[in-house]
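Chemist: Going by the UniProt record's numbering, the sequence shown opens with residue 1, and the numbers climb by one from there.
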Amino acid sequence: MRVLRRWAGAGARAWARRWRLGGRRAGAGGRGPAGTGRRFRVDYPRRGRRGPLRWLPSWRQLLGLALLCCAALAALVGRVYASVSIEDVNTASRAEANVYYWADGTQMVSVGPVNRQNVPLSDIPPALRNAVIAAENATFATDPGFSVRGFGRAVVNMVRGGEVEGGSTITQQYVKNAYLTQDQTLERKLKELCLAVKLSRSLSKDDILQGYLNTSWFGRDAYGVQAAAMAYYGTDAKDLDPPRAALLAALLKSGEQYDPSRGPAHHRRAEARWRYVLDRQVELGLMSRAERAAYPVFPEPRPRSVATSLAGQTGYLVDVADKYVRKRTGLTTEELGRGGYRIRTTFDRAEVERLRRTVERVTAEGLDPARRTADRDVQIGAASVRPGDGAVLALYGGADATRHFTDNADTSGVPVGSAFKPFVLAAALQLGAGPAGSRSGDDSDDGSGSDSGGGSGPDGAGRVTPDSFYDPSGRLTDRSPQVLPLRPEGADPVSGADRTPTLREALVRDGDGVYRRLGEDVGLERVRDLAVGTGLLPLSMAPLEPGFSAGTSTPSAVRMAGAYATFAAGGLSSEPYSVTAVSYRGEPLEGFDPPRGGRVLDREVARGVTEALRDVAVDAVSPEALRALPPVAAGRTEADDRMPASWFVGYTDRLSTAVTAFRSRAGEGGLLPMTGTAGGDGAEAGSLPLRVWSGYMTGAPDVPGRRTG
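1. Measuring CA to CA, which of THR637, VAL692, ARG607, LEU688 is closest to ASP653?
2. In this structure, how does DSSP classify MET674 when only helix, strand and coil are distinguished?
3. How about ARG116 and GLY224: are their beta carbons less than 9 Å apart?
4. Pop quiz: SER578 and VAL352 are said to be a contact at Cβ under 8 Å. What is the actual Cβ separation, rounded to whole angstroms?
5. Smallest Cα separation from THR406: which of ALA427, GLU365, VAL385, GLN379?
6. Quick check on this structure: which residue in THR677, LEU278, VAL692 has the alpha carbon closest to the alpha carbon of ASP377?
7. By DSSP, does GLY381 sit in helix, in strand, or in coil?
8. Does the beta-carbon of GLY519 have 16 or more other beta-carbons within 10 angstroms, so that it is buried, or is it exposed?
9. From SER384 to ALA612, what does the alpha carbon distance come to, in whole angstroms?
10. Would you call the region 124-134 in contact with the region 242-254, where contact means no fewer than 3 C-beta pairs closer than 8 Å?
11. Restricting to Cα atoms, I'd like to know which of SER305, ARG342, THR329 is closest to GLN107.
12. Could you tell me which whole beta strand (DSSP E) segments of length 3 or greater appear in the region 565-643?
13. Of the choices ARG526, VAL558, THR534, PRO555, whose alpha-carbon is the least far from that of LEU544?
14. Below 6 Å CB to CB, which residues in the same chain sit around ASP512 once its five sequence neighbours on both sides are set aside?
15. How should THR139 be labelled, buried or exposed, when 16 other C-beta atoms within 10 angstroms of its C-beta is the threshold for buried?
16. Start and end of the alpha helix (DSSP H) containing GLN107?
17. Using a 10 Å radius around the Cβ and a threshold of 16 neighbouring Cβ atoms, would you call SER687 buried or exposed?
18. Assess, as a yes-or-no matter, whether the region 646-664 is touched by the region 411-423 under the definition of 3 or more beta carbon pairs within less than 8 Å.
19. Quick check on the burial criterion: 16 or more other C-beta atoms within 10 angstroms. Buried or exposed for TRP274?
20. Which residue from ARG585, SER553, ARG599 puts its Cα closest to that of residue 744?
21. State yes or no: is the C-beta of ASP322 within less than 9 Å of the C-beta of ASP236?
22. Taking the Cβ atom as the reference point for each residue, do ASP410 and LEU395 lie within a distance shorter than 9 Å?
23. Quick one, are the C-beta atoms of THR171 and LEU199 less than 9 Å apart?
24. Among all the DSSP beta bridges, which residues are the ones paired with SER646?
25. Go ahead and label ASP104 buried or exposed: buried means 16 or more other beta carbons lie within 10 angstroms of its beta carbon, across all protein chains shown.
26. Our contact map puts LEU476 next to ASP510 with C-beta atoms below 8 Å; I'd like the distance itself, whole angstroms only.
27. Going along the chain, which residues of its own chain have a beta-carbon closer than 7 Å to the beta-carbon of GLY413, five neighbours each way excluded?
28. Per DSSP, THR345 is paired with what?
29. Please name the residue, chosen from ARG201, GLN226, GLY211, that lies closest to ALA178 on a Cα-to-Cα basis.
30. Would you mind listing the alpha helix (DSSP H) stretches within the region 238-303 that are 4+ residues and don't spill past its ends, in chain order?
31. If you reduce the DSSP assignment to three classes, tell me which class LEU4 lands in.
32. Under 6 Å Cβ to Cβ from THR314, same chain only, skipping five residues before and after it: list those, please.
33. Using the DSSP secondary-structure output, state which residues sit across from ARG116 in a beta bridge.
34. Quick one: grab the DSSP three-state call for VAL414.
35. If you compare alpha carbons, which of ILE208, SER204, ARG201, PRO144 is closest to VAL175?
36. Which value, in whole angstroms, describes the spacing of the CA atoms of ARG357 and LEU507?
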């Protein structure tokens with residue numbers, strides 16, 4: 001003790017000398033004003049040091065700063081701890097259904113109530129409890145309700161600008177599920193930590209685990225282990241064996257990403273996570289190696305199913321609306337699934353019903369799955385968009401959303417074939433054709449609709465118009481007034497004495513060679529950019545190879561209807577949208593004004609494409625159907641496309657509608673050939689989209705289109 005007192009006294013005397021010296025230096029012309037006699041100062045930048053060392057804090061200064069930060073953090077945590085209170089868990093965790101409305105404001109469907117059934121811990125088998133603890137929080141039995149390491153990682157992520165997340169214990173996750181929102185903020189994380197500590201002091205570990213397992217989301221709209229056990233295995237939670245319990249524990253990481261039925265990639269992730277959960281139990285002593293060896297086979301869950309309220313087309317409509325809401329708000333599938341949202345859509349009830357009836361009538365007349373095996377695999381997808389606006393008024397996603405889970409109207413992977421040619425024609429009219437891609441008109445667009453479209457062809461051969469053609473020398477010209485027969489399929493577009501078909505004629509039929517050449521002259525990048533500008537998604541665009549202009553890209557029916565609507569709107573493109581208003585528990589959410597359109601084509605260019613497309617309609621649709629329609633433009637795939645799908649896309653000034661038919665079989669990747677469907681070599685199946693389009697657009701009983709080529 002004497003030594004300590006002597007050391008303390010010497011230290012005090014040393015500090016006193018420094019203070020007096022600092023005061024004298026300040027008064028003798030130091031950093032402080034002369035004569036102040038200041039006895040204390042912060043020695044930073046440090047006196048007596050030179051160069052960069054002046055700016056290097058001493059260990060005492062660093063220690064003081066660290067203590068100050070710790071004190072500030074402790075004060076903040078203490079303040080939050082004192083301000084938060086534990087509310088009634090049943091009230092806090094109660095969720096509402098999501099309600100969807102038609103465009104006219106009438107209710108379409110109420111998805112809910114939330115699929116949850118609380119069960120006591122005694123009905124949750126030890127195998128499931130152990131699997132959850134092993135997967136989510138190995139120290140659950142001994143920790144104070146929070147993880148210091150996880151909280152530190154969350155703070156670091158926040159400082160770096162990332163999401164505030166990471167390392168939550170089971171207690172923290174229960175607090176988030178039952179008492180707090182899903183917001184990723186530091187404030188919410190602090191409240192979560194403080195509530196977790198309070199909850200650990202007031203509830204037993206069994207109560208916390210029971211609450212956590214009854215409020216967690218497992219995917220398939222299942223909240224809680226009882227609903228999850230029924231959704232995945234059709235059994236009560238108390239009857240789960242260790243393998244199935246391990247899969248449910250794996251789903252807690254992400255019920256959407258680890259659902260094996262959602263595709264091969266999801267299945268691989270689920271199986272890997274399932275094995276980890278079982279192996280982790282062995283590491284923690286919760287399962288013996290001998291028992292683990294008894295479970296080598298992955299327990300496949302039952303196929304996904306949806307509520308009967310989502311039967312027919314309703315499930316597809318809800319799925320499209322949910323995707324749009326998530327895109328606009330950033331909500332996750334889990335957050336949206338918790339309910340409480342009121343969603344008003346653009347879907348017109350009468351149009352949806354009319355499209356459904358038309359598809360069912362046409363397929364009933366043209367397909368015979370009982371007698372023809374190939375007819376069993378034919379799928380139809382369709383969508384209808386309002387030109388000049390982009391509102392999705394109707395779609396047909398399949399026979400029944402509770403049995404056919406893929407939305408045929410909003411899926412990619414179906415090549416569009418010759419229905420892509422109008423984008424090549426539009427690029428030629430807008431930018432000019434030829435290796436130089438020159439234009440004779442003004443490149444600006446002031447929205448006046450002036451005739452600025454139409455470039456000059458190669459070697460100044462004249463403006464590019466729908467009546468331009470490749471002459472024998474390979475130049476694109478329209479100077480010759482003569483109309484010659486179409487060249488046979490496969491003929492060289494630049495050889496022979498006679499000219500090739502005009503761009504208008506080649507748009508109607510047998511024009512792959514012409515449009516391949518035209519796309520190369522215009523530039524495939526320009527064609528792609530124009531197609532994307534009209535509304536097709538960049539991810540649906542095929543590689544820029546010679547066949548690109550022939551329609552190897554795979555846009556959805558919704559996007560094709562929206563892109564053709566650009567031609568109908570005189571060159572104004574509008575992003576397709578399906579939701580006009582969303583509120584959450586009475587509070588409206590922002591961001592649901594209709595997307596603004598933009599001009600991507602000159603009016604004269606859009607008019608030229610429309611006039612050329614009218615020849616397609618005249619060639620394809622029967623005179624009776626044409627008389628029942630206002631002025632119409634259309635495009636379709638052709639028999640010589642050799643694509644495993646067929647399309648018909650067309651528009652009036654009121655509607656732009658795309659219809660596709662293709663063959664696919666569950667469990668098999670890719671599309672199947674159309675050969676043998678509808679009792680023929682594929683041409684009959686190719687007429688299905690035309691017949692659906694014609695019947696729907698006329699609003700009358702289906703009038704079959706004329707067979708061509």
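Yeah, the Cβ is synthetic: ideal placement off N, Cα and C, and Gly gets one too.
Modeler: Straight from the coordinates:
1. ARG607
2. coil
3. Yes, the Cβ-Cβ distance between ARG116 and GLY224 is below 9 Å.
4. Going by Cβ atoms, the distance from SER578 to VAL352 rounds to 12 Å, so no, they are not a contact pair.
5. GLN379
6. Distances from the CA of ASP377 to each of THR677, LEU278, VAL692 were compared; the closest alpha carbon is that of THR677.
7. strand
8. buried
9. One C-alpha to the other measures close to 21 Å.
10. Because the criterion of three Cβ pairs below 8 Å is met, the region 124-134 and the region 242-254 touch.
11. ARG342
12. 579-584, 633-636
13. ARG526
14. ALA550
15. Counting Cβ neighbours within 10 Å, THR139 comes out exposed, since fewer than 16 surround it.
16. Taken as a continuous stretch (DSSP letters only), GLN107 belongs to no alpha helix (DSSP H), being part of the beta strand (DSSP E) at 107-111.
17. buried
18. yes
19. buried
20. Examination of residue 744 is not possible in this model, given that the chain is present from 1 through 709 alone.
21. no
22. yes
23. Taking 9 Å as the Cβ cut-off, THR171 and LEU199 qualify as a contacting pair.
24. Looking at the DSSP output, SER646 shares a beta bridge with ALA661.
25. Within 10 angstroms of the beta-carbon of ASP104 lie fewer than 16 other beta-carbons, which makes it exposed.
26. Actually they are not in contact, since the Cβ atoms of LEU476 and ASP510 sit about 18 Å apart, beyond 8 Å.
27. THR554
28. VAL579
29. GLY211
30. 242-251, 264-283, 289-293
31. The pLDDT assigned to LEU4 is 44, lower than 50, so where the model puts this residue is not dependable; a value taken from the coordinates is nonetheless given after this. Of the three classes helix, strand and coil, the one that applies to LEU4 here is helix, per DSSP.
32. VAL109
33. Note: ARG116 sits in a beta bridge opposite TYR223.
34. The DSSP-derived three-state label of VAL414 is coil.
35. ILE208
36. LEU507 has its alpha-carbon roughly 31 Å from the corresponding atom of ARG357.
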